[in-house]
Structure formats: C-alpha cells, structure tokens
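First up is the structure itself, then whatever we jot down about it.
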Amino acid sequence: MQVAENVEHMSFQAEAKQLMKLMIHSLYSNKEIFLRELISNASDAADKLRFEGLSDAALYENDPDLKIQITFDKETRTLTITDNGIGMSRQEVIDNIGTIAKSGTREFFNALTGDQAKDAHLIGQFGVGFYSAFIVADKVSLTTRRAGLTHEHGVRWESTGEGEYTLETVEKHNRGTEIVLHLREDETDLLDGHKLHSIIRRYSDHITLPILMKKQVWDEEKKSYKLSDEDETVNQASAIWTRPKSEITQEQYEEFYKHVAHDFEPPLAYVHAKVEGKQEYTQLLYIPTRAPFDLFDRDHRHGLKLYVKRVFIMDDAEKLLPAYLRFIRGIVDSNDLPLNVSREILQESKDIDNIRAGCIKKVLGLIESLATNEEKADQDKFRTFWREFGQVLKEGIAEDFTNRERIAKLLRFISTFDESDEQNVSLDEYIARMKPEQEKIYYITADGLKAAQSSPHLEIFRKKGIEVLLLCDRIDEWLVANLHEYSGKSLQSIAKGDLDLGKLEDEEEKKIKEKETGEFQELATKMKEVLQDHVKDVRVTFRLTESPACLVSDTHDMSGNLERLLKSAGQKVPNTKPFLEINPHHPMVQRLKFEKTKFADWSRILYDQALLAEGGQLEDPAGFVKRLNDLLLQNV
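Residue 277 in UniProt numbering sits at position 277 of the sequence shown, and the numbers go up by one each step.
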C-alpha cells in the first residue's frame with residue numbers, strides 16, 4: 001500500500017468531540033463492547049455491498065466472499081479489524097466519522113443527564129459505535145476504499161481522539177475498510193487470541209459473516225500458543241433468526257438485539273416467529289427497555305431491517321410497521337419478495353401489507369402477554385413498557401382502526417380511584433368498578449395531573465363517588481377524539497355539554513334542580529348580557545359543590561384544553577365560546593343575585609376565575625387584578 005504525501009489536518013465537529021469524551025468515560029466499565037461495535041459496522045458495510053451489488057455486480061471486484069478479519073500484533077500493540085464490505089469515499093469518511101450529521105443531535109445532548117450509567121444507553125441509541133474504539137486505543141488509523149472506485153482513491157483517516165484528525169489519499173487495492181487500534185498501555189489483555197475469541201463469541205456470534213482469526217496452535221517447545229497461517233471462523237456465521245429457537249440462548253437473542261438496535265442494554269421483551277403458508281417470512285421483533293431520545297420525532301423513523309432470503313435489503317423499512325409502533329426494533333426476512341425490491345415497490349405490495357399485518361399482530365400479542373401475565377416480572381415489564389412507550393401506543397387509536405379495540409384494552413390511565421402519578425388503570429378495571437346505574441366512562445382532559453385533579457368539574461363526581469379518568473398527556477385529546485366507546489360504554493367528557501348523570505340522579509335531585517334553575521334564571525340572563533363577548537350562555541349548574549362557577553365547552557366544540565394545545569403549537573383554532581355555569585349554592589353567586597352597583601365586576605370576576613381554573617389565560621390580567629382589589633377593599 002503506497003502512501004501519498006498530501007496530508008490534510010482537520011478538526012472534529014464540536015459534537016463529535018463531546019461525544020468521544022462522553023463515550024470514553026461512560027462506557028469504560030464495559031469497554032469490551034468496542035469490538036462488538038466495530039464488527040457490527042463491518043457487518044453493515046457488507047450488507048450494503050450485497051444490496052448495491054444486486055444492481056451492479058461489478059462492485060464485488062472479483063472478491064465475492066464477504067468476511068471480517070481480526071488480527072493482533074503484540075510487538076506493535078495493535079489490534080486490526082478488516083472487512084471487504086462497501087467501504088467509504090473521502091466525503092463519506094468526513095460525513096460518517098468527522099461529523100455527526102444526524103437529525104436529533106441537539107435533542108440527544110439535551111437528554112444527557114451527567115449520570116454515566118443513564119447516559120450510556122443514550123450514547124448507544126445515537127449509533128456512534130466507531131468512537132468506542134477510543135475506549136481502548138490512544139490512536140486509531142482507518143484505511144478505506146469504496147467499492148467501484150479505482151485503487152488510487154483510497155483514504156486514510158487517523159486520530160488520537162483529542163479533537164483533530166488527518167486525512168490523506170492513499171492507494172488501496174482491495175475495497176473495504178481496515179481499522180488499526182493502537183492500544184493503551186493497560187489493554188494488554190486484548191493482545192491475546194483466547195480473550196478475543198471469547199469477546200467475539202459473546203457479543204458477535206450472531207453476525208452472518210464469517211469472523212476470521214488466525215488459528216492458535218500449541219508450541220510444545222515454548223509451552224505456549226502461537227498463531228498459524230491458517231484462518232478459522234470464530235463465530236457461527238449464520239443468521240440467528242434462521243436457527244431453531246431451542247438452539248438460541250437468551251444471551252444470543254440479547255446480543256443480536258444490541259447489534260440491530262445499537263443499544264447497550266438488553267431488550268425488555270422479544271418475539272421470534274416463522275410464518276408459513278401462502279407467504280413465508282420470519283420475524284424477530286424486540287421491545288427496547290428504554291425509549292430513544294427521538295421517540296416523538298415521527299419523521300425520524302427507524303423501522304425494521306428487511307431481508308429477502310437472508311440477503312439484506314434495507315434499513316428503516318418503515319412500511320413494515322405503523323408509526324405508533326416505531327419503537328420496535330428487529331428484522332423481517334421474507335422468502336417471497338423479489339431481491340430487487342425498492343421502497344416504491346413496498347408502498348404497493350400486497351405481500352408487504354400482509355407482512356405488516358402479521359408484525360402488528362405479533363407486537364400487540366407480545367405487549368398483551370406482558371399486560372395479562374400475573375407473574376411479577378412481566379407485570380414490572382409492562383409497567384416499564386407503559387412508562388416508556390405508552391404515549392406512543394395511544395397514537396394507534398387514531399391510526400389503526402382494525403386493532404383499535406386491542407390497543408384500547410392495553411391503555412392505562414390515572415383516575416380518581418387511584419391518583420398516584422403512575423398510569424395503571426385500564427378501561428376494563430374502570431368498567432368493573434362502575435356503579436350499577438352508570439352508563440358512561442367519564443373523563444377529563446387537562447394540561448398536567450395537578451390541573452386535572454383540582455378541576456372544579458370533578459366536584460359532583462367526587463361527592464357521588466363516581467370514578468373519572470384524569471387524562472393529562474398531550475396525546476389524550478386526540479385519543480378521546482377517536483375513541484368514542486369501549487366495550488359498549490361511551491366515553492364522556494365531564495367538561496363538555498350538559499351534565500347528564502342519567503340513573504345516577506334520583507327524582508328528588510331532579511326536582512330540586514328544576515326549582516333552583518328557575519330561581520336563578522334571571523341572574524343567569526343578566527350575567528349573559530355582561531359577558532356576551534366571552535361566553536355563549538350562562539346557566540345554572542349542579543356539577544359544582546365548592547366552586548362558584550366553571551366553563552363548559554359545547555358538546556361538539558373543541559375542548560378548552562385542546563384549544564390551548566393548538567394555540568401553543570401555533571395552530572389556528574375556531575373562534576368558539578364556552579358556557580359559564582354558576583353554582584346556585586355558592587355564597588358569591590347568591591350575593592350576586594342581589595348586587596346592584598358592582599354587578600358587572602362580580603360577573604367578570606366569576607368568569608375570570610373559572611377561566612383560570614381551566615388553565616386558561618386572561619385577556620386582561622391587570623383589569624382582573626384591579627377589579628379584584630376594588631371588590632376586596634369594598635368589603636374591608
């Protein structure tokens with residue numbers, strides 16, 4: 001390999017420098033993973049060559065046998081990982097190693113906590129495996145040439161990980177990438193064939209390429225092992241998903257997950273299934289233990305890896321799962337799709353539609369098994385799942401009509417029955433606790449748990465002991481807009497429309513309501529004249545037991561909480577007015593009935609208080625303060 005004289009000195013992107021520093025300190029306690037990460041990158045490079053080679057066989061350059069070679073040299077203290085995959089061009093080296101050109105970079109750094117244990121999994125999610133080399137090496141040299149380029153377009157990248165790197169153009173006759181690690185003084189154990197064997201078998205046994213090392217033979221004269229000229233394959237070199245489940249250990253499943261998900265933690269749960277019949281395909285699907293930092297970026301989809309007859313076709317095959325299951329990682333291997341399948345073909349393929357339906361069924365089945373299994377371990381796993389991914393699963397109510405009932409059964413909420421900050425009340429549990437005369441599932445939406453718990457709309461329900469779901473996730477407004485009933489019970493917002501408790505009210509209560517409504521009708525009419533710019537109408541209510549007034553949206557209007565959410569997102573909302581409902585038993589309302597001089601001010605105070613109790617914003621805060629102060633002074 002002949003080296004040219006031109007050497008270009010370049011600086012790492014600031015984020016790359018920060019990331020290397022974080023990685024070295026956060027992952028040092030588990031430093032063996034560097035080899036898994038570099039082997040995983042080499043495997044990905046081979047997958048990309050296989051895919052591009054489908055349409056351009058010349059990329060193989062008369063070297064069709066893809067492999068990874070591991071060598072070490074005790075004298076120079078170097079460890080070398082070589083592959084004959086797709087390789088990289090000069091610009092790809094800069095983009096992939098010198099720069100972190102990824103969406104979500106800022107969100108990633110904002111998510112870091114400073115806690116090494118917590119940050120380690122975020123680093124893995126970000127997919128920065130190459131930088132892990134600096135955990136064990138004080139200098140790294142990478143030489144690469146992209147398949148299809150001529151030998152004079154080789155590139156050598158070199159760095160000590162201190163903020164700068166060099167780039168030079170070199171001759172490289174073989175395509176692919178060679179990485180040379182100059183090991184730190186305290187990493188001598190990595191210059192041992194047995195040690196490397198054990199690391200590879202532990203972390204990379206699932207890699208479908210052969211991982212080759214020189215065979216070790218016993219030297220009787222020196223009473224030690226020496227390296228022969230013969231290569232041996234260290235790993236099983238077969239796709240893990242093609243093996244019988246009985247032959248795959250828990251550890252092997254977990255290591256394969258870490259490979260496909262770029263995660264440093266084991267998965268929460270997984271399912272491995274082979275579908276046979278009109279279509280044949282294999283699924284190996286995983287639920288991560290933690291949500292990725294970019295989970296709520298719906299445009300940044302990870303999807304599943306798609307294989308056809310064990311040949312890698314594409315990453316991020318998002319067509320295989322809907323957006324609400326975007327957290328799932330794993331692979332699908334089809335025996336029926338064409339090898340030249342493209343993203344455009346995936347959009348219109350009936351086979352893909354069937355595979356997608358099968359994947360959804362398996363994932364929902366896996367989640368259901370965690371939710372329904374009475375063993376404590378699975379119950380703990382489901383609680384972890386819901387804490388990490390519950391809000392995303394809720395999106396499925398709007399997106400997946402076919403499986404809406406299954407998804408609804410998995411939903412968990414906070415309710416007035418159990419007001420801890422843990423969402424653990426299912427709709428089935430709610431229905432089981434419903435009063436005999438109760439016909440509806442009652443809920444309230446609010447911007448936060450505290451706001452929901454302190455809502456005046458809850459007062460009559462607390463008095464009568466009727467359970468109400470407290471919906472305080474942003475997604476909940478869209479959830480209830482698409483989930484109108486469950487198990488034959490309609491869902492009813494307690495902050496919209498007329499309060500109708502049906503059979504939960506007795507005849508005596510109804511007579512009292514009719515009498516008091518008539519007594520306070522004149523007051524309601526006068527208040528409407530004062531507040532006509534703010535409210536649709538003023539009416540007597542019996543949903544309040546402590547508060548003087550509350551705001552209620554019309555049955556078919558947008559809720560106040562949804563209006564606020566849309567406005568905060570910069571969206572235009574319809575100009576609708578709520579109803580103001582007044583409590584005839586409250587002293588303020590009873591006094592207002594006889595107020596003469598300050599009637600308008602008292603009416604505005606009641607409206608503004610009701611708006612604040614809803615979490616709304618006052619149009620004229622200074623005016624509210626002045627009116628309130630004047631009324632307080634009047635009564636001193």
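Note that CB positions come from ideal geometry on N, CA and C, so glycine has one too. Predicted model, so just to flag it, every value in this text is computed and none were measured.
Excluding five sequence neighbours on each side, which residues of the same chain lie with their C-beta closer than 8 angstroms to the C-beta of VAL530?
So the qualifying residues of the chain are PHE599, ALA600, SER603 and ARG604.
THR541 and ARG462: beta carbons closer than 9 angstroms?
no
Let's see if you can read the secondary structure: which residues bound the beta strand (DSSP E) around ILE240?
No beta strand (DSSP E) contains ILE240, which DSSP labels as neither H nor E.
What does the alpha-carbon distance come out to for the pair GLU595 and ARG627?
15 angstroms
By the DSSP assignment, the alpha helix (DSSP H) with VAL589 in it spans what residues?
587 to 592
What would DSSP say about GLY390, mapped onto helix, strand or coil?
GLY390: helix per DSSP, three-state reduction.
I'd like the span of the beta strand (DSSP E) that includes SER204, first residue to last.
Note, SER204: premise wrong, no beta strand (DSSP E); not H, not E.
Quick check: the Cα distance between GLY365 and SER40, rounded to an integer number of angstroms?
30 angstroms
From which residue to which residue does the alpha helix (DSSP H) around SER369 run?
Note, SER369: alpha helix (DSSP H), 350 to 372.
Could you check what DSSP says for HIS9 in three-state terms: helix, strand or coil?
strand
Is it true that the stretch 343 to 352 meets the stretch 424 to 435, where meeting means three or more beta-carbon pairs spaced less than 8 angstroms apart?
no
Identify every run of the beta strand (DSSP E) within the stretch 384 to 460, keeping only runs that are complete inside it and at least 3 residues long; order them along the chain.
440 to 445
Report the three-state DSSP secondary structure of THR282 (helix, strand or coil).
strand
Quick check on this structure: which residue in LYS510, GLN423, GLN279 and GLU429 has the alpha carbon closest to the alpha carbon of GLY448?
Ranked by Cα distance from GLY448, the options LYS510, GLN423, GLN279 and GLU429 are led by GLN423.
Is LEU562 closer than 9 angstroms to LEU580 when the C-beta atoms are compared?
Contact: no.
Would you call the CB atoms of THR169 and GLU152 closer than 9 angstroms?
yes
Starting from the Cα of ARG156, find the closest Cα among GLY163, GLU162 and GLU178 and give me that residue.
GLU178
If we ignore side chains and look at the alpha-carbon of each, how far apart do ASP630 and GLU508 end up?
41 angstroms
Starting from the C-beta of GLY163, find all residues in its chain whose C-beta is less than 8 angstroms away, skip the five residues before and the five after it, and write them out in chain order.
SER11, PHE12 and LYS17
Have a look at the DSSP bridge pairing and note the partners of LEU612.
Answer by DSSP bridge pairing: none, since LEU612 is not bridged.
Let's test the definition: count the other Cβ atoms within 10 Å of the Cβ of ILE70 and tell me whether it reaches 16, buried, or not, exposed.
buried
Let's test the definition: count the other Cβ atoms within 10 Å of the Cβ of THR242 and tell me whether it reaches 16, buried, or not, exposed.
exposed
With distances taken from CA atoms, which of ILE494, TYR607 and THR597 is nearest GLN532?
TYR607
Sort out for me which residues DSSP pairs GLN492 with in a bridge.
In the DSSP output, where bridge partners are listed per residue, GLN492 has TYR442.
At which residues does the alpha helix (DSSP H) containing HIS272 begin and terminate?
That residue, HIS272, is in no alpha helix (DSSP H); its beta strand (DSSP E) goes 269 to 275.
Does the Cβ of HIS259 have 16 or more other Cβ atoms within 10 Å, making it buried, or fewer, making it exposed?
buried
Count the CB pairs spanning the stretch 46 to 54 and the stretch 211 to 221 that are closer than 8 angstroms, and state whether there are at least three.
no
Is the separation between the beta-carbon of GLU519 and that of PRO584 shorter than 9 angstroms?
Between GLU519 and PRO584, the C-beta spacing is below 9 angstroms.
Any idea what DSSP makes of HIS173, helix, strand or coil?
coil
For TYR165, which beta-bridge partners are listed by DSSP?
MET10 and SER159
Helix, strand or coil for LEU479? Go by DSSP, reduced to three states.
Look at LEU479 here: in three-state DSSP terms it is helix.
Which term fits GLN492, buried or exposed, when burial requires 16 or more other beta carbons within 10 angstroms of its beta carbon?
When all chains shown are included, GLN492 counts as buried.
In chain order, what residues of the same chain have a beta carbon less than 6 angstroms from the beta carbon of GLY176, not counting five sequence neighbours either side?
ASP83, ASN84, GLY85 and GLY87.
Thinking GLU477 and LEU565 are a contact (beta carbons under 8 angstroms), I'd like their distance in whole angstroms, please.
Indeed, because the Cβ distance is near 6 angstroms, the residues count as touching under 8 angstroms.
Would PRO621 be called buried (16 or more neighbouring beta carbons within 10 Å of its own) or exposed?
By the 10 Å Cβ count, PRO621 comes out exposed.
Counting only the same chain and skipping the five closest in sequence on each side, list residues whose C-beta sits under 8 angstroms from that of GLN252.
ASP205, HIS206 and ILE240
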